[in-house]
């Protein structure tokens with residue numbers, strides 16, 4: 020990178036810290052100190068409970084929202100929103116341990132994401148179902164594809180919108196090969212490795228047929244687990260699932276016809292159905308709402324100064340991005 024670009028980035032970063040520092044101090048000193056630090060302490064969990072529908076019994080229905088790419092990117096002061104894997108897993112754990120919660124509505128709007136993260140969510144949902152024996156209904160949004168469907172599959176009922184994009188059952192693993200481009204411009208790569216496969220999927224050379232077969236075997240294992248989870252959750256045979264488990268996407272109507280969803284319905288319809296089906300008409304409905312804390316305020320300030328795309332693509336990549344190839348339950352581009 021040219022020296023001028025590095026200087027520009029450093030200057031911009033300094034301006035960010037100065038701006039955030041001034042605004043944060045202003046935020047602290049323009050409000051009551053006790054309430055500020057109470058909020059900071061309470062905000063360590065990252066979320067609170069907000070009542071959506073007040074009921075007359077002690078029974079409660081929890082709304083969980085999964086929005087964005089299912090990927091654990093860790094916590095960062097530069098984070099300004101989006102899916103937070105650890106936060107979502109914490110919410111699932113709260114549901115598991117709260118005896119007043121008698122049902123869950125999972126709102127899914129996601130193209131999928133990491134194989135491991137999707138499996139984390141799936142395991143927690145199954146634990147809730149087996150240990151608590153409470154119903155979980157899914158309300159799909161604009162997209163619930165690949166990993167978004169993977170985590171939805173064990174639900175007792177799945178509701179879609181006619182325009183929902185879902186399906187995309189399968190696994191993908193990608194890398195960019197720029198060997199020919201490098202050769203064109205006379206770029207050489209000096210690689211020192213301990214074995215012939217240590218740089219497998221490297222962008223600096225062509226993949227061998229043997230390496231392709233090794234990775235394909237890994238992909239096939241994850242695919243079979245995905246198919247098995249759908250077959251179990253939807254009470255379908257593996258053969259029937261595989262008829263539509265070729266990576267294709269489908270709309271809400273097609274998903275219902277294929278047996279991957281149960282009915283049309285938006286969030287209000289799903290809540291009403293859960294209440295009626297499980298005698299929870301008097302239950303209080305609540306959702307987990309994100310709370311403001313210093314980290315989120317910092318991220319917002321960075322986003323406001325640079326623009327959200329610049330923050331994620333520039334500073335985020337400089338500080339934390341390591342884009343190694345990995346298996347994904349994901350529809351669309353990373």
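Residue numbers (our numbering): 20 to 353.
Glycine included, each C-beta is placed from N, C-alpha and C at the ideal position.
Since the structure is predicted, the reported quantities are computational estimates derived from the model, not experimental observations.
Local Cβ density within 10 Å of residue i, reported as buried at 16 or more and exposed below that
i, result
"residue 276", "exposed"
"residue 149", "exposed"
"residue 206", "exposed"
"residue 200", "exposed"
"residue 254", "exposed"
"residue 158", "buried"
"residue 332", "Any answer about residue 332 is weak, because its pLDDT of 46 lies below 50 and its placement is not dependable; what the coordinates show is given next. Answer is exposed; the Cβ neighbour count stays below 16."
"residue 208", "exposed"
"residue 295", "exposed"
"residue 303", "buried"
"residue 284", "buried"
Pairwise C-alpha distance: residue j and residue i
i, j, result
"residue 348", "residue 196", "22 angstroms"
"residue 82", "residue 117", "14 angstroms"
"residue 141", "residue 271", "22 angstroms"
"residue 236", "residue 75", "54 angstroms"
"residue 202", "residue 210", "15 angstroms"
"residue 239", "residue 286", "35 angstroms"
"residue 139", "residue 66", "20 angstroms"
"residue 172", "residue 247", "10 angstroms"
"residue 252", "residue 176", "10 angstroms"
"residue 156", "residue 88", "20 angstroms"
"residue 189", "residue 183", "18 angstroms"
"residue 305", "residue 72", "7 angstroms"
"residue 127", "residue 181", "15 angstroms"
"residue 204", "residue 160", "46 angstroms"
"residue 70", "residue 245", "35 angstroms"
"residue 224", "residue 234", "16 angstroms"
"residue 194", "residue 226", "10 angstroms"
"residue 174", "residue 143", "12 angstroms"
"residue 114", "residue 291", "20 angstroms"
"residue 262", "residue 282", "21 angstroms"
"residue 222", "residue 228", "15 angstroms"
"residue 214", "residue 112", "42 angstroms"
Spatially closest choice to residue i from the options, by CA coordinates
i, options, result
"residue 351", "278, 266, 159", "266"
"residue 231", "192, 258, 256", "192"
"residue 343", "91, 89, 220, 289", "220"
"residue 146", "159, 284, 108, 130", "108"
"residue 170", "198, 194, 132, 151", "132"
"residue 264", "214, 187, 112", "187"
Cutoff 7 angstroms; reference residue i; Cβ partners in own chain excluding five residues on either side
i, result
"residue 299", "78, 80, 121, 122, 293"
"residue 212", "218"
"residue 110", "66, 83, 307"
"residue 130", "88, 162, 164, 165, 167, 349, 350, 351"
"residue 86", "102, 128, 129"
"residue 309", "65, 66"
"residue 106", "65, 66"
Host beta strand (DSSP E) of residue i (start-end)
i, result
"residue 17", "With the chain covering 20 to 353 only, the question about residue 17 has no answer from this structure."
"residue 274", "No beta strand (DSSP E) holds residue 274; the alpha helix (DSSP H) holding it covers 271 to 276."
"residue 81", "79 to 86"
"residue 89", "No beta strand (DSSP E) contains residue 89, which DSSP labels as neither H nor E."
"residue 75", "From DSSP, residue 75 is part of no beta strand (DSSP E); its letter is neither H nor E."
Residue i: first and last residue of the uninterrupted alpha helix (DSSP H) it sits in
i, result
"residue 108", "104 to 116"
"residue 144", "134 to 146"
"residue 201", "198 to 203"
"residue 346", "Here residue 346 belongs to no alpha helix (DSSP H), and DSSP marks it neither H nor E."
"residue 289", "286 to 296"
"residue 235", "228 to 253"
"residue 186", "Segment 184 to 186 is the beta strand (DSSP E) holding residue 186; no alpha helix (DSSP H) there."
"residue 257", "257 to 261"
"residue 160", "Residue 160 -> not in any alpha helix (DSSP H); beta strand (DSSP E) instead, spanning 155 to 164."
Residues near residue i in its chain [Cβ-Cβ closer than 6 angstroms; skip 5 each side]
i, result
"residue 274", "179, 185, 280"
"residue 153", "121, 122"
"residue 168", "185"
"residue 289", "124, 156, 158, 178"
Beta-carbon proximity list for residue i, same chain, < 8 angstroms, skipping 5 on both sides
i, result
"residue 104", "89, 90, 91, 92, 136, 139"
"residue 134", "166, 190, 241, 345, 346, 347, 348"
"residue 250", "256, 257, 259, 260"
"residue 278", "253, 255, 259"
"residue 269", "184, 185, 186, 263, 277, 279"
"residue 216", "230, 233"
8 angstroms Cβ cutoff, residue i in contact with chain C
i, result
"residue 223", "The structure shown has no chain C; it contains just one protein chain."
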